[in-house]
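Q:
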């Protein structure tokens, strides 16, 4: 039997079992059919059935009990309730330096902390060996080349590869539309500089990416926050009301696997949103950094650009969440007149992006198993997200709310209203556990009873113990 | 005899001979003493004397005539007259998109052009082999490390090395004062963002670095141009008058081996300038990108920071002119409160500089022969600059003015007033020769009868032929 076919068979079985666990056919703690039973009944090999169970176990849905068989996990994801969004004041404001910001930034990168505070993924998930091979194989002429300046718009082969990735998601994108940047944040920063006029406000989501708030603060940008649902993304009616009331120059949104929410906007929301913004001539900058990190069972999500008819959607992304955060390579896909302005700002600000970083990534995309790497990454991150969600459900008070996202690596956890996330953060740090308090994820500082948990690292015993400690800290507020 | 001593002896001899050629004791075209004569008279080995002559030949000061001996070059540098600066209107202005800008940018990087238009240096001058060795030697754990995020302020070891380089030039600088950036341009851009308040003007030199004008244009910065002498740098009296008349938020100056002038401010000018700016509380951003590229016979020039008593001097530089332009690593040395603001802007704009680029450079500075590389670079660039200057003098009309700088790799050439540098540029490009027309080096577009010639590449027959063609183009205006 070919490997493909084998994979297809056990995946189909594990998918069917998962569906019955999710819909409650098999309840929490219930014993599942034995491997032998399914082997006979379904005419599948013992190995195939066994592999399907291993798959469910890795996903945290079942557990093996020695000499007894497989059981549905006593707590299961289908009992999770999604968080709801905090009331968000939609008034224009400057982003202030929060008291927590420096502490949070430090804790997120402190190697002595349990790394639940960062959105980074473990370097075990990065294709280190492929990159090592590329470095070893660099010829003299190649080294000479990577030491010289590159074009302001970036390495042509890399731009071509990035354009190719949009096939079927955004029609007609070519290498000419791609400008390489120092990561996704620079891509967004250049877009903002290219678009916003003095006095104009930027619409952002609430909550939003913590790093963007630092950008807005550094650049003195006036923002208006739109409430954003933890499952379906930005509230379009609320956004419409903001556009009616304020002089909005642009929107910066994360439609796919939102940071920190994990939300993905349904296609009809995306379509409606783009129609609204196209109609008013307002550019939208979309951060698609997690776009390729969709989990098994879903497909590459569409972009806002997919529905754009007026050339007003600018798509920003990078390789930071898929290949190598330390190679500072991101990009923006934009048509004229934005592309030319962005390119001028890029060249003016820092000439060009690292020739070496770009070359190494172009080589990886050409020679190395990019698709296979992504498949493994998606599968491992999904397992880590599910296991972390289960561990939280097991250890946190029962009124805790969270939703397992369909991609990315983050969990947005809503705690009882009596719980102060900032205090949870401080007590966690005392226990050498880094988390992100929800309050730092918005300009207005709402979401005080929320925290963000990063799932980019393997769920080791230490992580499970850390989550138990977090659960006790949270429960302490209810005493 | 030890190599040091040998080097000392022939260098002393070549220095003495050079002094006598410069002061006219040996006139143009005159025969010099034979090797045997100097060997007997000075009690030096034949080899030592020969090496001194080879040195002078490499510097373009003497030529060997077969079977006859060494002669002073028929044209010599001591007959060069330094350019004078064009009248500069010192009124605040925005930088406009010049019609030439895109064409000039393209020509400077076009591999089909003779590369006299760029400030880049030939990759033959870069330590390609040392870098190749570093890439080959990267261990698994190192590869893993360079793929992860680095700190916003940069690699600690690299920052320590950069702080050490200021020993004797700026007292008390530590790694804590150094923020790593994506090249020198980003360092300056972050300083401007950290310092300038709305409505404030930036004082710049006229002429100035072409790339900075693109930055000011992209950022919408209002500039006031101070006339700058091609030999001694910015005119301090004119600068004082500007400060009296306008709301100046900062100055951006290149005190050492100015681009495009090659000017170096004398120490007493630097001292006077810093006293003036310190007294008025105005920050000064100094671009020291050529600071380490001083030629033999001079020493590491001082900084404006050397004389700064108020913490108002911010020093920007990079490895682009000494090690590898394509590794986008620069830095700014700044005290509080600027450092903290710059760091926030850096983190906000693009998180951090390439971990890979920083690591590779830190490894180079630790393991590779950095000082030896710099010595060779300085020596080769000096030879290229002198040879180019001589070739220009030979082929251009006699009223051409230029000064050989004491460092860097650029020649600023003043042509007869009847000559339009933009037309020279266009005709040069038709002949596949890239140069920089002087008019693009200022916001006011003065310096129309000036051109900049880059000397970063070996002076091959093709380069000499190119300069002859340029000479004919320039002479064509006088017909």
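Protein chains in written order, with the working numbering: chain A, 1 to 479; chain B, 1001 to 1479. All C-beta atoms in this analysis are idealised placements derived from N, C-alpha and C, irrespective of residue type, glycine included.
#1: If we count Cβ pairs, one from each stretch, closer than 8 Å, do we get three or more for the region 200 to 207 of chain A versus the region 352 to 370 of chain A?
#2: Between B:1192, B:1241, B:1229, which lies nearest to residue 1220 of chain B when the distance is taken from Cα to Cα?
#3: Can residue 225 of chain A and residue 59 of chain A be called in contact, C-beta distance under 7 Å?
#4: Could you tell me which uninterrupted beta strand (DSSP E) segments, each at least 3 residues in length, are contained entirely in the region 1264 to 1332 of chain B, listed from first to last along the chain?
#5: Specify, as a first and last residue, the run of the beta strand (DSSP E) that residue 977 of chain B falls within.
#6: Comparing alpha-carbon positions, which option in B:1363, B:1277, B:1147, B:1319 lies nearest residue 361 of chain A?
#7: Under the rule that 16 or more other beta-carbon atoms within 10 Å means buried, what is residue 410 of chain A, buried or exposed?
#8: How is residue 1219 of chain B classed by DSSP in three states: helix, strand or coil?
#9: Rounded to whole angstroms, what is the Cα-Cα separation between residue 1034 of chain B and residue 1064 of chain B?
#10: Please determine, among B:1227, B:1333, B:1397, the residue with the shortest C-alpha to C-alpha distance to residue 1476 of chain B.
#11: Do you know whose CA, among B:1172, B:1425, B:1084, B:1275, lies nearest residue 1453 of chain B's CA?
#12: Evaluate residue 1141 of chain B with the Cβ neighbour count: other Cβ atoms within 10 Å of its Cβ, from every protein chain shown; 16 or more gives buried, anything less gives exposed.
#13: Check the Cβ of residue 270 of chain A against every Cβ in chain B and list those closer than 7 Å, keeping chain order.
#14: What does residue 1183 of chain B touch in chain A if you count any residue whose Cβ is under 8 Å from its own?
#15: Using a 10 Å radius around the Cβ and a threshold of 16 neighbouring Cβ atoms, would you call residue 1073 of chain B buried or exposed?
#16: Going by the CB atoms, is the gap between residue 178 of chain A and residue 333 of chain A shorter than 7 Å?
#17: What does residue 1143 of chain B reach in chain A if we use C-beta pairs closer than 7 Å?
#18: Between the C-alpha atoms of residue 1045 of chain B and residue 1402 of chain B, what's the straight-line distance to the nearest angstrom?
#19: What runs of the alpha helix (DSSP H), each 4 residues or longer, lie entirely inside the region 120 to 206 of chain A?
#20: Taking three-plus beta-carbon pairs below 8 Å as touching, is the region 183 to 201 of chain A in contact with the region 242 to 251 of chain A?
#21: Once DSSP output is grouped into helix, strand and coil, what is the label at residue 493 of chain A?
#22: Name the DSSP beta bridge partners of residue 1065 of chain B, please?
#23: How would you write the range of the alpha helix (DSSP H) that residue 381 of chain A sits in, first residue to last?
#24: Could you give the DSSP three-state label for residue 104 of chain A: helix, strand or coil?
#25: Would you mind sorting residue 482 of chain A into buried or exposed? The rule is 16 or more other CB atoms within 10 Å of its CB.
#26: In the DSSP assignment, find the alpha helix (DSSP H) that holds residue 1428 of chain B and state where it starts and stops.
#27: Residues of chain B with CB under 7 Å from residue 355 of chain A, in chain order?
#28: Would you report the Cα separation of residue 1107 of chain B and residue 114 of chain A, rounded to the nearest angstrom?
#29: Along the chain, which unbroken stretches of the alpha helix (DSSP H) at least 4 residues long are found entirely within the region 23 to 65 of chain A?
#30: Are the C-beta atoms of residue 372 of chain A and some chain B residue less than 7 Å apart?
#31: With a 10 Å radius around its C-beta and 16 neighbouring C-beta atoms as the bar for buried, classify residue 1317 of chain B as buried or exposed.
#32: Please report how far the alpha carbon of residue 89 of chain A lies from the alpha carbon of residue 304 of chain A, in whole angstroms.
#33: Shorter than 7 Å from the beta carbon of residue 1123 of chain B to some beta carbon of chain A?
#34: Give me the Cα-Cα distance between residue 349 of chain A and residue 1186 of chain B, rounded to the nearest whole angstrom.
#35: Would you mind telling me which residues of chain A sit closer than 9 Å to residue 1186 of chain B, beta carbon to beta carbon, in chain order?
#36: Would you check if there are 3 or more beta carbon pairs closer than 8 Å linking the region 1456 to 1468 of chain B to the region 1377 to 1395 of chain B?
A: With the structure as the only source:
#1: no
#2: B:1192
#3: no
#4: 1284 to 1287, 1313 to 1318
#5: As displayed, chain B neither begins before 1001 nor continues past 1479, which places residue 977 of chain B out of reach and without an answer.
#6: B:1147
#7: buried
#8: helix
#9: 11 Å
#10: B:1397
#11: B:1425
#12: exposed
#13: Per Cβ cutoff of 7 Å: no residues; residue 270 of chain A is ~27 Å from chain B at best.
#14: 350, 351
#15: buried
#16: yes
#17: 128, 131, 132, 135
#18: 37 Å
#19: 128 to 136, 140 to 146, 156 to 165, 183 to 195
#20: yes
#21: Since the first and last residues shown for chain A are 1 and 479, residue 493 of chain A lies out of range.
#22: B:1069
#23: 370 to 395
#24: helix
#25: Given that chain A is displayed from residue 1 to residue 479, the structure contains no residue 482 of chain A and the question cannot be resolved.
#26: 1421 to 1430
#27: 1326
#28: 52 Å
#29: 35 to 42, 46 to 58
#30: no
#31: buried
#32: 25 Å
#33: yes
#34: 5 Å
#35: 182, 349, 350, 351
#36: yes
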